[in-house]
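Chemist: One structure, pasted below without further comment.
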Amino acid sequence: MGRYVARRLLQAVPLLLGITLATFLILKAVPGGPLAAYEADPSVTPEDLARLEHAFGLDRPIPEQYLEWLGRFLTGDWGYSLATHLPVLRMIGDRLPNTVYLMGTVYLVTLLIAVPIGVLTAVRQYSWFDHLVTGATFMAFSTPTFWLGLLLIIVFGLNLRLFPLGGMGTLGSAFDVGDRLRHLVLPVATLSLVGIGHYVRYLRASMLETIGQDYMRTARAKGLMARIVIGRHAFKNAAIPLVTVAALDLPELFVGALVTEQIFGWPGMGRLFWDAATRSDYPILMGILTVASTLVIFANLLADVVYGYLDPRIRYS
Amino acid sequence: MTRLRRLFLSLSLVSLVLGACAPSSAPPAGGTASTGPTRGGTLIFALWQEPETLNPLYATQTVNTLVNEIAVEGLTSVDPNGEYVAVLAREVPSMQNGGLKVSADGKRMDVTYRLVQGVKWSDSAPFTSADVKFTWDLRMRDPKVTSRTGYDKIEGIDTPDELTVVVRYKETYAAFPELFGSLLPKHLLDGVPDLSKHDYTRRPLGTGPFRISEFIAGDHITAERNSNYRVRDRPLLDKVIFKIVPSREAAIAQLKAGEIHGMWNVLEAQVPDLEKDPSIKVSSVATGRLERLEFNLAKPGNPADPKVPHPVLGDLAVRRALLLATPKQQIIDKLLYGQAKPGRSALSIGWAASKDVDQEGYDPAKAKQVLDQAGWLPGPDGVRAKDGIRASLRLSTTSGDKVREDAEQLLVTEWKNIGIEAKIQNSPSSVFLGTWAQNAPRPRGDFDIAMYASTPDLDPQVYLAVRFQCAQIPQTANNGAGRNVNRFCDPQADKALDQAGATLDLQKRKEFYAQFLRILNDSVANVWIYNNNRINAFRANVGGYRASSWDEITGSIADWDVRN
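Chains as they are written, first to last, in the working numbering: chain A, 623 to 939; chain B, 590 to 1153.
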């Protein structure tokens, strides 16, 4: 197993290099550029533009720019935002806790609700509960988050005045846990509902498949308690597709939710990415995209490792 | 890309849904009986765009200025009428008060500022002439500053004593009062190797009514009362919080719900709805931002050769007909809900503007007549032609801008009526407003008619010169320098502008500008469609704000108050 993981990690290196190169070239090919904001300023002269282009290193050949970025990135210097002039690491550091706070809550809430529901619908196949959940989950994962988010804002924020319309906390007042939680409710509800829909569908399908297996009948025939049959024998095997989905969602803890953060005014990574994209702020985009691709690769590896734990028949060499 | 598209979709939906469903019954505004301003309290002002930096030397967006100007002041500023006023200087230097001295040969000049006594930075350190010199040094040294325009005309700065600054210019520079609008503290920043890495970019230290105490990225910026502010009993508020919200629509919903006290930059289309709400007041004033139709006078190409005239637009009669068939007032009333002023000339407000320079009004019958006389006669498809050339033009603007796209539709119909065909060919703003090096169509000259806006500075010299002088036509020879996208070239206009720039007497300069603006209007190189309004909205219990054509609404923040 150890050698397998080591090999996978080694394979990840050229893959990541390729990803960063492709990302860099794509970003550079996007029309416009980071100096577009200066263009609109009447006091900025062509000489000013040339000076800024040089100061930001944008006048050099693209391969050189890439190599320099890579060299610095590897030594922990992620460069500076072209818009705010702040270190990329600091800008990500400012936003990351907010996104982890939001997406981590979403992740937990989603799993805590989806797993029992998914198991229950499979165990009680074709019961009224199963039909209800099936209908509800189809609705949930067919709902776009921006629509659901807006709907929740209008109903619970504007009309019922139960929850704030956006932000992480009430401005101008001291830190208050209750206030923080109230701000968390609507964005978490928006993202979790959609996530629960997905997870329940996956889990129900794989649970049904597992329950029909011969070893399940054997387990029941041995006289094991239903709880153990379902919990240990069925769920553990059925969880493999769920692990794949859940692991691939892990990078979202870092990337954040672009649309939902925008709607709820959540100061997270999603909005940072959006702002950087609109300004062609390469250093920020490169930083976020590189970490995100690294996380995707690691999440895949993690999923593979967890398979081995869940199903000892799966062996890596 | 699908993510971005989803975001666009979501934002337009936010506007639809929030706009339509926001309740009209907001809590009533109180305290109408009280007299005089209220002291203390916190005001929350929403921004739908986050300032990239609060360092005035690096600022590129208006929202940066909006926030940093509550903390950072300069030697001079501009009043709502567009006149220069002294801030940290005792008076605006001029020939009359002896602050402005031109050398005997008329080639150089010295400007002497006497500083207001007893001014302190918000950390209590004294403000002195050394800070003024330091600000100039920094601007010339730091490679990342936005602009050095004007500052590069300075040879040196002398500080004979703590309250006197003598700025020695290499040449006469009429726009000198525009400089030193923001001053940086020497005691804090002296010896800092790279200003962009200093905390100052997020929490600038100044002499203004407030000091920035906190900048939480993506969420809010807090400013607290500067107890060292030089004006007695000001500011009135204890605290101002700039709340970063995702969109104008979100800000409006929060304003109606009373979660915030004011918001920045309302769209024209949003004004009628806000005005219906008795708990909200709208502050609206015309600005210099001028939406125009820019005609390419040269034959389109990449790059266009300015010596070859445009086959259609090269004819003054066509340009004049397009002007006569552009219903400015209808565009303003229909698309901007009356929140704009019809454009008159390249400069419509401020000291340099001339009230008697204007363009011809809407008259489609006359437009047809002008085209008939010039030999542009209707062809079988209704489109006019002359010498085998059809009067068919591309009309371009930034895609995704609803007002502009609606205006284009309206113009296509209007122009069709007079026999001129317009084909819409829009591109994203990053492309449309791109540079020569990026191969963008405007600087390269590969367009017919461009619709966009720009804003002249209070001193319009540089703005006008780079846009309308012969030498500023971007072409291969000058490596695309200059912004004369019109490819407009008139020796008389060049001369008038040069004279305006070489004169220090404001009254004389005004006459030269009038001369220039008239020549430019006679050429009809542009249709000046409208001047945008600056629109902010407040809860009715907020007072003391004053709209200015020349400054963001926060220029008056020392006088703002909130009644409870």
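Glycine included, C-beta positions come from ideal geometry on N, C-alpha and C.
Provide the residue span of the alpha helix (DSSP H) that contains Tyr660(A), from first to last.
Modeler: Looking at the DSSP string, the run of the alpha helix (DSSP H) that includes Tyr660(A) is 658–661.
Chemist: Using 10 angstroms around the beta-carbon of Gly1144(B), count the other beta-carbons present and answer buried if the total reaches 16, otherwise exposed.
Modeler: Result: buried.
Chemist: Spatial neighbours of Leu830(A) within its chain, please: CB distance less than 8 Å, with the 5 preceding and 5 following residues excluded, ordered by chain position.
Modeler: Ala744, Gln747, listed in sequence order.
Chemist: Please confirm if Gly800(A) has its CB atom under 8 Å from at least one CB of chain B.
Modeler: With 8 Å as the cut-off, Gly800(A) does not count as an interface residue toward chain B.
Chemist: For Arg732(B), is the classification buried or exposed, using 16 other Cβ atoms within 10 angstroms of its Cβ as the cut-off for buried?
Modeler: Note that residue 732(B) is Pro in the sequence shown here, rather than Arg. Pro732(B) comes out exposed.
Chemist: DSSP on Asp879(B), reduced to helix/strand/coil?
Modeler: The sequence shown places Leu at residue 879(B), not Asp. Three-state DSSP puts Leu879(B) in a strand.
Chemist: Taking any Cβ of chain A, which residues in the region 973–993 of chain B have a Cβ under 9 Å from it, in chain order?
Modeler: If the cut-off is 9 Å between Cβ atoms, the region 973–993 of chain B has nothing near chain A.
Chemist: When DSSP builds the beta bridges, which residues end up paired with Phe920(A)?
Modeler: None; Phe920(A) has no bridge partner.
Chemist: When we look at the beta-carbon of Glu838(B) and count the other beta-carbons within 10 Å, is it buried (16 or more) or exposed?
Modeler: Buried, since its Cβ has 16 or more Cβ neighbours within 10 Å.
Chemist: Flag this pair as touching only if the region 913–924 of chain A and the region 628–639 of chain A have three or more C-beta atom pairs under 8 Å; answer yes or no.
Modeler: These segments touch.
Chemist: List, in chain order, every chain B residue whose beta-carbon is nearer than 8 Å to that of Ala921(A).
Modeler: Those within 8 Å of Ala921(A) in chain B number zero; the least Cβ separation is about 19 Å.
Chemist: For Ala658(A) and chain B, any beta-carbon pair shorter than 8 Å?
Modeler: So yes, Ala658(A) belongs to the interface.
Chemist: Have a look at Leu768(B) and Thr753(B) and give me their C-alpha separation to the nearest angstrom.
Modeler: Going by the C-alpha atoms only, they are around 16 Å apart.
Chemist: What does Gly950(B) reach in chain A if we use C-beta pairs closer than 8 Å?
Modeler: By Cβ distance, chain A contributes nothing, its closest Cβ being about 28 Å from Gly950(B), past 8 Å.
Chemist: Return the Cβ separation of Pro656(A) and Ser902(A) in integer angstroms, given the expectation that the two are a contact with Cβ distance under 8 Å.
Modeler: Between Ser902(A) and Pro656(A) the Cβ distance is about 5 Å, and since that is below 8 Å, they are a contact.
Chemist: Taking one C-beta from the region 866–885 of chain B and one from the region 1117–1136 of chain B each time, how about it: are there three or more such pairs within less than 8 Å?
Modeler: Yes: the two stretches touch, three or more of their Cβ pairs being nearer than 8 Å.
Chemist: From Val851(A) to Ala762(A), what does the alpha carbon distance come to, in whole angstroms?
Modeler: So the two alpha carbons sit approximately 30 Å from each other.
Chemist: Rounded to whole angstroms, how far is the Cβ of Leu774(A) from the Cβ of Thr727(A), which I believe are closer than 8 Å?
Modeler: Actually they do not touch by this definition, with Cβ atoms about 15 Å apart.
Chemist: Straight-line CA distance for Gly707(B) to Ala675(B)?
Modeler: Cα-Cα distance, rounded: 16 Å.
Chemist: Does the distance from the CB of Thr882(A) to the CB of Gly817(A) come in under 8 Å?
Modeler: No, these two residues do not count as a Cβ contact at 8 Å.
Chemist: Is there a C-beta anywhere in chain B that falls below 8 Å from the one on Arg893(A)?
Modeler: Cβ-Cβ to chain B under 8 Å: yes for Arg893(A).
Chemist: Is Lys742(B) helix, strand or coil by DSSP?
Modeler: In this structure, Lys742(B) counts as helix in the three-state DSSP scheme.
Chemist: Measuring only the C-alpha atoms, how far is Leu696(A) from Thr642(A)?
Modeler: Using only the alpha carbons, I get a separation of about 12 Å.
Chemist: How long is the line joining the alpha carbons of Ala868(A) and Tyr1052(B), rounded to whole angstroms?
Modeler: Between Ala868(A) and Tyr1052(B), the C-alpha separation is close to 56 Å.
Chemist: Below 8 Å between beta carbons: does that hold for Ile810(B) and Val656(B)?
Modeler: The answer is yes: Cβ separation under 8 Å.
Chemist: Is there a Cβ of chain A sitting closer than 8 Å to that of Val1131(B), yes or no?
Modeler: So no, Val1131(B) is outside the interface.
Chemist: On a CA-only basis, which of Ala954(B), Ile1009(B), Ala1091(B) is nearest Asp970(B)? Give me that one, please.
Modeler: Selected option, being the one with the closest Cα: Ile1009(B).
Chemist: Nearest CA to the CA of Ala635(B): which residue from Arg819(B), Phe723(B), Lys845(B)?
Modeler: Closest option to Ala635(B), Cα to Cα, is Lys845(B).
Chemist: With H, G and I counted as helix, E and B as strand and the rest as coil, what does DSSP make of Val865(A)?
Modeler: Note: Val865(A) maps to helix in three-state DSSP.
Chemist: If you drop the 5 nearest sequence neighbours on each side, which residues of the same chain put their C-beta closer than 8 Å to that of Met838(A)?
Modeler: Only Thr832, Val851, His855, Ala856 meet the Cβ criterion.
Chemist: Val673(A) versus chain B: which residues are under 7 Å apart at the beta carbon?
Modeler: A small fix is needed here, since residue 673(A) is Arg in this sequence, not Val. Within 7 Å Cβ-Cβ: Pro732.
Chemist: Taking its Cβ as the centre, do 16 or more other Cβ atoms sit within 10 Å of Ile692(B), making it buried, or is it exposed?
Modeler: Checking the sequence, you will find Ser at residue 692(B) rather than Ile. Ser692(B) is exposed by the Cβ-count criterion.
Chemist: Which chain A residues are close to Ala996(B), counting only those with a beta carbon under 9 Å from its beta carbon?
Modeler: The contacting residues do not exist; Ala996(B) stays about 19 Å from chain A at best.
Chemist: For Lys975(B), which of helix, strand or coil comes out of DSSP?
Modeler: In the structure shown, Lys975(B) sits in a strand (DSSP, three-state: E or B).
Chemist: Let me check one thing: in DSSP terms, what residues is Ser873(B) bridge-paired to?
Modeler: Paired residues: Ile1124(B).
Chemist: Beta-carbon within less than 8 Å of Val810(A)'s beta-carbon, same chain only, minus the 5 sequence neighbours each way: which residues are those?
Modeler: Once the five neighbours on either side are set aside, the close Cβ partners of Val810(A) are Leu724, Thr727, Val728, Val731.
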